[in-house]
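Residue numbers (my numbering): 9 to 166. Ideal Cβ placement from N, Cα and C applies to all residues, glycine included. What follows is one structure encoded as structure tokens, with my remarks underneath.
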């Protein structure tokens, strides 16, 4: 009898949680792109790891949150939509100039994009992104194109 009452309550909590997460994600996406032109938006799983072996453990667990990655002219923005505050170790935005490199990795039959960047405290950090291979390659090329762009020097003094 107790299970008959508990199951519908659990289903209602899950549905309400999903609705709250969707609304917060949409609100956070609108806030991140307010007044700025977003080139593209992707959905990726982001894993914080210092080495490939840590990523292997994370891939086995499959308890990583899904992010919306927004590409802007000079930065990347990350939106998770979680109400409870998960994913706090990833910054909300990373400037393209702070990214040291981005490279593709193939770990446990999974295509991953490794992004190494400098934190505000001048220490380097990195994370791995999992998603569709063509999306990851687009993000990698986007970063490389912007980091490799020749610097324009204004000689007019204006």
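Asked                                                                                                                                                     : Found
Do residue 74 and residue 51 count as a contact pair if the criterion is CB distance below 8 Å?                                                           : yes
For residue 139 versus residue 53, is the C-beta distance shorter than 8 Å?                                                                               : yes
Just reading off the alpha helix (DSSP H) that residue 152 is part of, what are its end residues?                                                         : 141-155
Thinking C-alpha only, which one of 69, 58, 85 and 22 is nearest residue 47?                                                                              : 85
State the DSSP-derived secondary structure class of residue 88, mapped to helix, strand or coil.                                                          : coil
In the DSSP assignment, the alpha helix (DSSP H) including residue 61 goes from what residue to what residue?                                             : 60-69
What does DSSP give as the partner residue(s) for residue 76 in the beta ladder?                                                                          : 51 and 87
When the distance is taken between beta carbons, is residue 146 closer than 8 Å to residue 124?                                                           : no
Just to confirm the assignment, what range does the beta strand (DSSP E) spanning residue 81 have?                                                        : Where residue 81 is concerned, there is no enclosing beta strand (DSSP E), given that its DSSP letter is neither H nor E.
Tell me the residue span of the beta strand (DSSP E) that contains residue 104.                                                                           : Careful: residue 104 lies outside any beta strand (DSSP E) and carries neither H nor E.
Could you tell me if residue 137 is buried or exposed, where buried requires 16 or more neighbouring beta carbons within 10 angstroms of its beta carbon? : buried
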